[in-house]
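Protein chains in written order, with the working numbering: chain A, -7 to 156; chain B, 38 to 553; chain C, 1492 to 2068. This report refers to the structure that appears directly beneath it.
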Amino acid sequence: MSTAHPSLPRRSRLDPEPVARRDFLGLAALWSAAAALGFAALGALRLPKAAVLPSPSKKFRVHLPESLAPGEAYVPPGRSVALFKGADGVFAISTVCTHLGCIVKPTPHGFDCPCHGSRFAPDGSVVRGPAPAPLPWLAVTSAGGGSVIVDEGASVPPGTKVAV
Amino acid sequence: MSARSSDDGLARLWANLRAAPRRLRETMFRSGPPVSDRARSSFIFGNVFLHLHPARVHRWSLRWATTWGLGMIALSAFLVTLVTGVLLMFYYKPYPDVAYESIKNIHFVVPTGRFMRNIHRWAAHVMVIAVLAHMARVFFTAAYRRPREFNWLIGMGLLVTTLGLSFSGYLLPWDQLAYWAITIGANIAQSPREITDALGITASFDPGGLQKLLLLGSDEVGEEALIRFYLFHVMLLPLILVALLAVHFWRIRKDGGLARPADAEARLGPPHPATYPVFTEAPQKTYHLAAVVRGRTPAVGNGPEGTVPAMPHLLYGELALFMLTVGICLVLSVLFDAPLKELANPAVPENPAKAPWYFLGLQELVSFSAFMGGIGIPTMVLIGLGLIPYLDREEAGTGEWFGGPGGGALVGRAAVFGLTTAVALEALAIHFGWLRQWWPEVPQLLITAFNPGTVLTAIYAAYSLWLVRRHNSTRAGALGLFTCFLAGFVVLTVIGTYFRGPNWEFYWSPTHWPGH
Amino acid sequence: MPAPHPSPSATPPRSARGVTSHANKILLLVSSLATLVVLGWAALEENLLRDWRVIQRNYAAALPPDAKASFNPQLRQIIVPALRTTDRCVTCHLGMAPGEQVVPGQRLFAAHPPIPHDPGEFGCVVCHGGQGLASETADAHGTVPHWPEPLVPRRYAQAGCGSCHTHLRVPNLEQLRLGQALLERYDCLACHAVDGRGGTLRPGGAAGLPAPDLTLVGARGYDPGWYAGHLRSHAAAAAGPWRTSFRPIPDDERGALAAFLDSRVGAPQLIEAKALFHSLGCRGCHKVGGVGGDDGPDLTIAGQRDPGQTSFAGVPGERSLAHWFAEHFRNPSAVVAGSQMPAMGLSEEEIDALVLFTFSLRRSPFPEAYWPRDRIRSERFGEREFATDGATLYGTFCAACHGRSGEGMRYPGMTPFPAIANPDFLALASDEFLTAAITRGRPGRRMPAWGVGEGGLRPAEIATLVNWLRKSSGVQPERDPRPPRWVRGERSEGERLYRAACSGCHGPAGEGAEGPALANPVFLSTASDTYLVETIARGRRGTTMEGFTRPSPTRRALASYEIHTIVAFIRTWEAKP
């Protein structure tokens, strides 16, 4: 610190003298207090980041309707997944738009997003609109008896089909 | 503009950009770096968070023995609960059962959650203790006297608000402890029915029922009560507390700082040269007051010898007390977990169901008469406390510990009297029972009016009147009354905390409690 | 008064009168450093020393290198919103966590033993107890104060089934053992596996269908035509297992086999314990699921006992519920002050089974939509937890007081319980008398009324009990051509004789002592005169009640008219309201 600080008023009889500055004890105390408060603040800031998410498992079991035609989408109630049954197996495509998370609607020619006009082909690839990535394919495993287990949390390479 | 080339403009922009950090620093604080007493003063009153401080503070106020820092500790504890409380609100859900689960989540999986909850709990206890001790300090140094009478009343408001905050926070975990403590508290609010029932007018005039209804929003402790207590705890009472705190601090300055004896400066001796007061030979601002005051102008030429700059002297003290409080709360939090019992079960009462410790004195009184213990006597005590500055208008001893006639000796005698009377009365009631055990048919109104609690209050009042007469001093009476009440509070709280077991029976130790 | 201008001093002296900021600085420094230390310790504890972090470090260390790299140390949980389940047990029991691998040889990281359920579907706590929300060992296992539901000990793990399931039609132990013995005698285990045994030999070799595992056959159901199919295969086979291992089974033994197979639901120890419960007659005093006597506490959720609300004062040693239950079965009144339950003289194996059974008496808070079929059938359609054959009914309701085979019972401090299998009694007592005695009980005495409104037994079940008494003893009632009331006699004479001969055992006012109470309204209204007269005349062999038509060393024989006067006197009690 320079005594010729520009903002320091001109020395006058109102400022008889600068105060002593070599106050090691005071500085040590102040810095340790600052360190303690900073440490405490860091600890406090950790708190809002949840250690475990309160969301349930993304895996669910679903029984495909017998009458499901090839190319026709089946959306299990309450889920954001479209299931398809083809000759070579079952596959699942997420219906969560990769743009901003709206739920896309399966149509005969693919998927339409109601929010910002993204369109996807039946295999999930982007046809038009702002979506930056294709709709992911989700992991499907056969659970026997015509039902499958879909994991909304795990994606697989497009084209992966599972025989049921 | 046209005279300069565009290069100049860009150069100036670049220079301004480089100067931005320095300018930011300079504009953030209205004064320069605190390198002189004057700059330090302007640091204080140019800062919105510090401007409640005086620029200079009397050396008497800075002595540890003057205040023992109790008010600052209470404020620090409040700040700690404020910060941790806001953090807990990230996860707390005010709905029965879910509330309990969210506390379990805070305890078990929220990062630092258990620690924050512990700090919140223990800081609340520290705050209650500090507020009570602060009040006792103000009383025993006779700091409530003119012109500080009203600030004493504000302080009482702060005490009640602090207790209300603690009490409303008690329900939020929705465990057995919480549920039954609040059930008892709500029924204390309902206890005026003890009088109205005895008079047979409850059907037409029922203030007790109204109080309970307002408190719980229902006839029992349920989700309505929880959301109300949550509102009280996180919004209403903190707002009231902050408003009262602002007035409290503002009044300290307006009432001339902390109380000190008339001969404080003589007793302190000459100040150290390094802190020697800056007396201005050319006072500038002082005269501005002349525009609004009648009579004599402030004493010009009379230097503030007894004062030192608030920065750094007062700020070091405050910061030290704040860190001390934080440190105490943290140590407590590492050593002890905040209590959390099993999920609230309205079918199985806790036995004994105990309120937080600072209410156990009341709970002891309530065990004699719900109305008198829960409402009557506390109201009388609050009125008595509030009247003290208006009844004791003497001058001698202001700002001194146990100042007044007799001083420490009188307080000591009053303490002994207060303790023995309370213990004796409790022993009598515990050993021989009270009216109802002797005459089962005794009317309730008689018990309400005449029970160990009211008897104790009456004895204390009589004792203090006797002191007024004997010492021919209102201060003597105030000292006696306050000391007695403090002693009574301690005795009742200790008995309620350590010597009451299931069914509120007397036990020498919890190890003697019968099994369930 | 201008102040003298002080000379500048570079450093203030250490301690200066009136300067408190020096002390305040020291206080600030000390508190700040203390705070830092405490914060450091808290950060260490939070991030490194938590139980689950230590356990996950051990787990990672035990993993093969490639799996170790992909292992992410974090809290794990099973959340089922519909069931309000949040179980964090898999944070430490990593072998059961979805997507994690099992570490061989370490129990903590083992996989869940095979059960019909996916733990991910229901969570852990519903079966095992404990505190699912907790992430510290002691808290999670619930062995801490203020957690009402501690972990069910590992060896009693099958008790967890009782949270949701009500096993139906469990026979008594004797019949269960019979079914088991038949299974072995008929060599079923040659082809079929049951409860992890057998199934080593498969008919048809590699080409043929394997014989089904019967471990869960009671829950999954089986082909009702299995026996005919087996017979056909047996007839068609010239040699091999179908010829050597299988042979025809008589009808009644097929019934015992079926009862055994129906109880194969994957919890053999629990079924065994239930069968024991159905043999000891505990329901004589205790209700479970609304059926049973009222002398003892209702046991429907006795397994959910809160250790915090339990006194361990009378239980030396370990402070656990399992130990409390076991001690209680050894000596009830020592554990529960004032308990009237007699010490039943149980073996240690029986006590262990009963502890398992007691733990199974719990009720999950799951919504009804999640109830399994057996509980729906039991609670909504009135199906029974106990088999409704006579032997099991007797074992379930009667055996504790009347003895395991009706020989009567004596417990210290209680009046003796009558031997209801006594042939003299069964010969005189009509079926109506027995049915009424069971249905209406003996008011004021230990024998409760077992009718639908009281003990909960249905008329058909009571009839089954009466039939079983007849069948097992082989005694049919004597025909009685007389009307229920035919005796005439001098009551005062009868009173004199009663005082001399009867009141010693039956009490001066017929209130009962060593012998049963006679002045009992249900007894008097249902007992015929013939029953009373003949009982006095013949006595009860094997009991202290002698036949009074024969003289004894202490008294003379009574003449038949004298017996009539006694009966007439006994009838006077009936008139009283």
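Note that CB positions come from ideal geometry on N, CA and C, so glycine has one too.
Worksheet item: How would you write the range of the beta strand (DSSP E) that Asp1678(C) sits in, first residue to last?
Response: From DSSP, Asp1678(C) is part of no beta strand (DSSP E); its letter is neither H nor E.
Discussion item. Among His1777(C), Gly1799(C), Ala1728(C), Ala1804(C), whose alpha-carbon lies nearest the alpha-carbon of Ile1792(C)?
Written reply: His1777(C)
Practice prompt. Reducing DSSP to helix, strand and coil, say where Val148(A) ends up.
Written response: strand
Discussion item. What does the alpha-carbon distance come out to for the pair Glu1612(C) and Pro1595(C)?
Written reply: 24 Å
Discussion item. Measuring CB atoms only, is the region 523 to 535 of chain B touching the region 452 to 466 of chain B, in the sense that at least three cross pairs come out at less than 8 Å?
Written reply: yes
Worksheet item: For Tyr66(A), which beta-bridge partners are listed by DSSP?
Response: Leu75(A)
Item to complete: Would you please verify whether the beta carbon of Ala65(A) is less than 9 Å from any beta carbon of chain C?
Response: no
Practice prompt. For Val418(B), decide whether its Cβ has a neighbour in chain A, counting only Cβ atoms nearer than 9 Å.
Written response: no
Practice prompt. Check the Cβ-Cβ distances between Ser117(A) and every residue of chain C, and say whether any is below 9 Å.
Written response: no
Worksheet entry | Distance, Ala146(A) Cα to Thr152(A) Cα | 13 Å
Item to complete: Leaving aside the five residues before and after Trp438(B) along the sequence, list all residues of the same chain whose C-beta is less than 7 Å from its C-beta, in chain order.
Response: Phe177, Thr178
Worksheet entry | Beta-carbon proximity list for Leu214(B), same chain, < 7 Å, skipping 5 on both sides | Pro376, Lys378, Glu387
Worksheet item: Considering only residues of the same chain and omitting the five flanking positions on each side of Leu253(B), which have a CB-CB separation below 8 Å?
Response: Ala223, Gly259, Glu261, Ala262, Arg265
Worksheet item: Any C-beta of chain B sitting closer than 9 Å to the C-beta of Ala2059(C)?
Response: no
Item to complete: Helix, strand or coil for Lys249(B), going by three-state DSSP, please let me know.
Response: helix
Worksheet item: Thinking just about the alpha-carbon of each residue, which of Ala1940(C), Arg2031(C), Phe1924(C) is nearest to the one in Asp2020(C)?
Response: Phe1924(C)
Worksheet item: Touch check for the region 1678 to 1689 of chain C and the region 1701 to 1715 of chain C: three-plus C-beta pairs under 8 Å?
Response: yes
Practice prompt. Using a Cβ-Cβ cut-off of 9 Å, state whether Pro1572(C) counts as contacting chain A.
Written response: yes
Discussion item. Using a Cβ-Cβ distance cut-off of 9 Å, determine whether Ala43(A) contacts chain B.
Written reply: yes
Worksheet entry | 8 Å Cβ shell around Cys1996(C) - same chain, five flanking residues per side excluded | Ala2004, Glu2005, Gly2006, Thr2035, Met2036
Discussion item. By the 8 Å beta-carbon criterion, what residues does the region 45 to 78 of chain A contribute toward chain C?
Written reply: Pro46, Ser47, Pro48, Ser49, Lys51
Worksheet item: Pro1662(C) and Phe1872(C): beta carbons closer than 9 Å?
Response: no
Item to complete: Kindly identify the DSSP beta-bridge partner or partners of Arg2046(C).
Response: Ser2043(C)
Fill in: Complete runs of the alpha helix (DSSP H) confined to the region 1866 to 1917 of chain C [at least 4 residues]
1881 to 1888, 1890 to 1893
Fill in: Among Ile1740(C), Gln1831(C), Thr1628(C), nearest to Gly1904(C) - alpha-carbon criterion
Gln1831(C)
Worksheet item: Listing by chain order, which chain A residues have their CB less than 8 Å from the CB of Thr149(B)?
Response: Gly35, Ala36, Arg38, Leu39
Fill in: Short Cβ contact (9 Å threshold) for Ser1983(C) with Leu1659(C)
no
Discussion item. Within 9 Å of any Cβ in chain B, is that where the Cβ of Gly18(A) sits?
Written reply: yes
Worksheet entry | Residues of its chain near Leu295(B), where Cβ-Cβ distance is below 8 Å and the 5 sequence neighbours each way are ignored | His95, Trp97, Ser98, Thr103, Thr104, Ala180, Ile289, Gly436
Discussion item. Does any residue of chain B have a CB that is nearer than 9 Å to the CB of Trp1815(C)?
Written reply: no
Item to complete: Label Gln474(B) either buried or exposed according to how many other C-beta atoms from any shown protein chain fall within 10 Å of its C-beta, with 16 as the threshold for buried.
Response: exposed
Fill in: From Ala1750(C), Asp1578(C), Pro1823(C), residue whose alpha carbon lies closest to that of Thr1879(C)
Ala1750(C)
Worksheet item: Val1571(C) bridges to which residues according to DSSP?
Response: Thr1576(C)
Worksheet item: Taking 9 Å as the CB-CB limit, is Arg1505(C) close to chain B?
Response: Confidence in Arg1505(C) is poor, its pLDDT being 38 and thus under 50, which makes the residue's placement unreliable; the coordinate value appears in the next sentence. No, Arg1505(C) lies away from the interface with chain B (no Cβ there is under 9 Å from its Cβ).
Worksheet entry | Minimum length 3: unbroken beta strand (DSSP E) runs contained in the region 46 to 126 of chain B | 93 to 95
Fill in: Distance, Val1616(C) Cα to Gln1547(C) Cα
21 Å
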